[in-house]
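*Asks:* The opening residue of the sequence shown carries number 15 in my numbering; numbering runs sequentially from there. From the three backbone atoms N, C-alpha and C, an ideal C-beta is built for every residue, glycine too. Only a predicted model underlies this, so the values are computations on that prediction, with no experimental measurement involved.
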Amino acid sequence: MIRLYSKRNLVASFPLVILLISTACEKGQIKNEDIAPSDFTLSFHVNAVPSSDYFEPITKAARNLADSTSVIRSNRSKQQIEQYNKNVASKSIQIDGIEARMTLSESYSTSTYSNNSSTLDNKAKYSNRKSVSSLLQMSNNRKYRVLIYNTDANGNATTFVTQGQTTAGSTLNLPVNRNKKYRWFAYSFNKENDIPPINIGDPKISVNVSNNGIEEDFLYSTGLIVTSDVYNGQNPIAITFSRHLALIRLEINSRGLFAPISAADIDIETTSSGIKNGSFSLLNGNYSSTSSATTVNNRGWNNIVKDTIPLNWAKYQDFYSVATSTAMRLRIKINEITVISDRILDDAPNTSTQKHRTFQNVTFDFPDFIAKPGRKYQALLQLIESPIKRGSTYWARGNLYYDPSTKKNEYRFRYDNPYFRNINGGINNILATDYWYGGLRPDLPADPTVDPCSEVYPKGLWRLPERAEFTELINSRNPRVIRLNQVGDQGWFISWANAADIGFPTHPHKHLIFTAIGNKNANGKIQNFNYRPGNTTTGVWGAVMGDKGYYRTNSSLDYFIMNYRRSVGNTSLQLVTGTLYEIIAAPIRCVRAAPPNQ
């Protein structure tokens, strides 16, 4: 699309020097038509390119993709911008014991532009759409090339006239004849490298995708111009480029693992239905042929910078593809991804240590989608803590805790369930973060309308367990639950050993563990926890009562309760669900709101 502007009062006495000076004009222009000296000049400059910087991450796939379109409107100057974002495909897979959710979303923007600029004299012909892509200025020093052709009666290009190259922010002056109709073509790779003169005998442009990042794509524009009969006249032509590649952003998001990404080595593999190179026909304005691109290697990643995402928890890389009418399928190979989880130190519970978790050698396909030129697509790979299934319920491996340090990431799971020795503050280090009164934060009173598990990223994936689900867990077999003392006999826990298929190093182990760490009373004081495992010694003087465990359900009065050595005569393990009417704060173990892969 072009916008053309005129200078109606140019006369023959206009200084000849205007024609001799061409700002940033290419030396040794190729010409194929005799141009009368000082006859007429077409003066090109770049007006705008469509926006390509709008990405709206989709964190949860819509159940009904047809209803998942969102619209964002804003006013900029005299431009009314509407930005659209919608899911186009989604699915879930398992990656080395970690659940990965894939979502493909498409975003694009349109605008209604108020054009108050002057127009050409009545011999110049052009069209101006009112609804166009959201426009941005082309960065200075990015190079573009313009070619001019004679035309037939229908405005189709016939014989070549001339061509030249310049940079955005500069003007390209190309001499032509008066009283003639021309078709001009402009194209750019949106980078600072020189664009070689095109082969006039076969005016096709090789478009090869890359992953070098921002604003490196393929831009194209064409238009008709009829020069006036003014001697030494000039027509400024403002080029508005259109994009002819689809921009795809591959994002790795580890917010569902509550851990930063320390390294990622990922390939976008070559396939017949994957990303494409193309041969673009200058005269026809389309791709005459396409071919599979070579494998794109992604080892250097950019951080997504937002105040709602901790540093290194989400990374991305941009790449391009020729967009055709056929379905595209992105094949991703994870050579290696490493994330770093924090674990409370058993021997120093006021500190933590870092645990490196590596996922390797996994290949999978994103769902099919049809890419459109000029559109932006986000291929989002969310890494999420995988649950352990017992019966029909999928349990989180660690307790829920609250970390207010980062907005929108406060609700997290412990890497595992550490034991607490009575040193360096012991259990007191987690009293404010891991014990819940039943509100949306640990310190808030019970509220039956809220569910802190549902706030875990991605929001809505987890929920509070029902009392019946704890009953099902208690009665589960293969494996049966066992009771074990903590190291140093400073507490105890229960375990469904090897209940998961995959353990270390993706996870700390394969077990589903619940630790007896008491509760807090209404005044915030720990109770029913004394760093004691209990014993089976008979007699009044040798008996040691064990600590008790409490876990919340979706009912503010119902709990999962763990007892061991409850009295002198009772030395058995007791796992029950019960109702308590006193105000207490207890740990939470979340469950999945729906089975994985749904």
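Please report the residue range of the alpha helix (DSSP H) in which GLU480 lies.
*Replies:* Premise fails: GLU480 is in no alpha helix (DSSP H) and is neither H nor E.
*Asks:* If you reduce the DSSP assignment to three classes, tell me which class GLU486 lands in.
*Replies:* The answer is helix: DSSP assigns GLU486 an H, G or I state.
*Asks:* Any idea what DSSP makes of LEU344, helix, strand or coil?
*Replies:* Coil, per DSSP.
*Asks:* Could you name the residues of the same chain whose beta carbon sits closer than 8 Å to that of ASN499, not counting the 5 residues immediately before and after it, in chain order?
*Replies:* Contacts found: GLY505, TRP506 and PRO547.
*Asks:* What residues match up with PRO522 in a beta bridge as DSSP calls it?
*Replies:* DSSP lists no partner for PRO522.
*Asks:* Pick from HIS59, LEU445 and TRP510: whose alpha carbon is nearest that of GLY538?
*Replies:* Per the Cα distances, LEU445.
*Asks:* What does DSSP give as the partner residues of THR352 in its beta bridges?
*Replies:* Paired residues: ALA277 and THR372.
*Asks:* State the DSSP-derived secondary structure class of MET443, mapped to helix, strand or coil.
*Replies:* Checking the sequence, you will find Asn at residue 443 rather than Met. Helix, per DSSP.
*Asks:* With a threshold of 7 Å on Cβ separation, who are the neighbours of THR593 within its own chain once the five nearest residues in sequence on each side are excluded?
*Replies:* Cβ within range, chain order: LEU571 and ASP572.
*Asks:* Assess, as a yes-or-no matter, whether the segment 51-61 is touched by the segment 179-193 under the definition of 3 or more beta carbon pairs within less than 8 Å.
*Replies:* Short answer: they touch.
*Asks:* Where are the beta strand (DSSP E) runs, 3 residues long or more, that stay fully inside the segment 276-345, in chain order?
*Replies:* DSSP runs (the beta strand (DSSP E)) wholly in the segment 276-345: 290-295, 300-306, 310-312 and 328-335.
*Asks:* For VAL495 and ARG426, what's the separation of their Cα atoms in angstroms?
*Replies:* C-alpha separation (whole angstroms): 26 Å.
*Asks:* Our contact map puts SER276 next to THR352 with C-beta atoms below 8 Å; I'd like the distance itself, whole angstroms only.
*Replies:* That belief holds up - the Cβ atoms of SER276 and THR352 are roughly 5 Å apart, short of 8 Å.
*Asks:* Which residues in the same chain as PRO418 place their Cβ atom closer than 7 Å to its Cβ, once the five residues preceding and following it in sequence are excluded?
*Replies:* Around PRO418: GLU424.
*Asks:* Give the DSSP-derived three-state secondary structure of PRO466 in the structure shown.
*Replies:* It is helical.
*Asks:* What are the boundary residues of the beta strand (DSSP E) that SER202 is part of?
*Replies:* Looking at the DSSP string, the run of the beta strand (DSSP E) that includes SER202 is 195-202.
*Asks:* Taking DSSP as the reference, what is the three-state secondary structure of GLY452?
*Replies:* It is coil, neither helix nor strand.
*Asks:* Measure the C-alpha to C-alpha separation of THR447 and GLU486 and round it to an integer number of angstroms.
*Replies:* Their backbone Cα atoms lie some 28 Å apart in a straight line.
*Asks:* At the level of alpha carbons, what is the spacing between GLY412 and GLY299?
*Replies:* When rounded, the distance between both Cα atoms is 57 Å.
*Asks:* Roughly how many whole angstroms lie between the Cα atoms of VAL501 and PRO432?
*Replies:* Each residue's alpha carbon lies about 10 Å from the other.
*Asks:* With a threshold of 7 Å on Cβ separation, who are the neighbours of ILE44 within its own chain once the five nearest residues in sequence on each side are excluded?
*Replies:* Any reading at ILE44 must be qualified, since the residue scores a pLDDT of 45, below 50, and its modelled position is unreliable; the value itself is stated next. These residues qualify, in order along the chain: THR176, GLN177 and PRO211.
*Asks:* Give a yes or no on contact between the segment 400-416 and the segment 326-336, applying the rule of three or more CB pairs nearer than 8 Å.
*Replies:* Too few Cβ pairs lie closer than 8 Å, so no.
*Asks:* With H, G and I counted as helix, E and B as strand and the rest as coil, what does DSSP make of VAL501?
*Replies:* DSSP places VAL501 in helix when its eight states are reduced to three.
*Asks:* In whole angstroms, what is the alpha-carbon distance linking ASP231 and ASN222?
*Replies:* If you take the alpha carbons of ASP231 and ASN222, they lie about 9 Å apart.
*Asks:* Among TYR451, LEU264 and ASN611, which one has its Cα closest to the Cα of LEU475?
*Replies:* LEU475 has its Cα closest to that of ASN611, out of TYR451, LEU264 and ASN611.
*Asks:* Within 10 Å of its beta-carbon, does ALA536 have 16 or more other beta-carbons around it, so buried, or fewer, so exposed?
*Replies:* Classification for ALA536: exposed.
*Asks:* Within the segment 367-425, note down every full beta strand (DSSP E) run reaching 3 residues or more, in order along the chain.
*Replies:* 390-398, 402-404, 407-409 and 414-416, all fully within the segment 367-425.
*Asks:* Between TYR196, ALA337 and ALA514, which lies nearest to LEU259 when the distance is taken from Cα to Cα?
*Replies:* Looking at the Cα atoms, ALA337 is the closest of the given residues.
*Asks:* Out of ASN170, ILE253 and ASN213, which has the shortest C-alpha to C-alpha gap to LEU150?
*Replies:* Here the closest residue by C-alpha is ILE253.
*Asks:* Is the distance from the Cβ of THR309 to the Cβ of ILE348 below 9 Å?
*Replies:* Result no, Cβ atoms of THR309 and ILE348 do not sit closer than 9 Å.
*Asks:* Taking its Cβ as the centre, do 16 or more other Cβ atoms sit within 10 Å of PHE434, making it buried, or is it exposed?
*Replies:* It counts as buried.
*Asks:* In three-state DSSP terms, what is SER131?
*Replies:* Legend: pLDDT at SER131 = 31, less than 50; position of this residue unreliable, value from coordinates given subsequently. Residue state, collapsed to three classes: coil.
*Asks:* Given that a residue counts as buried once 16 or more other Cβ atoms are within 10 Å of its Cβ, and exposed if not, what is LEU344?
*Replies:* When all chains shown are included, LEU344 counts as buried.
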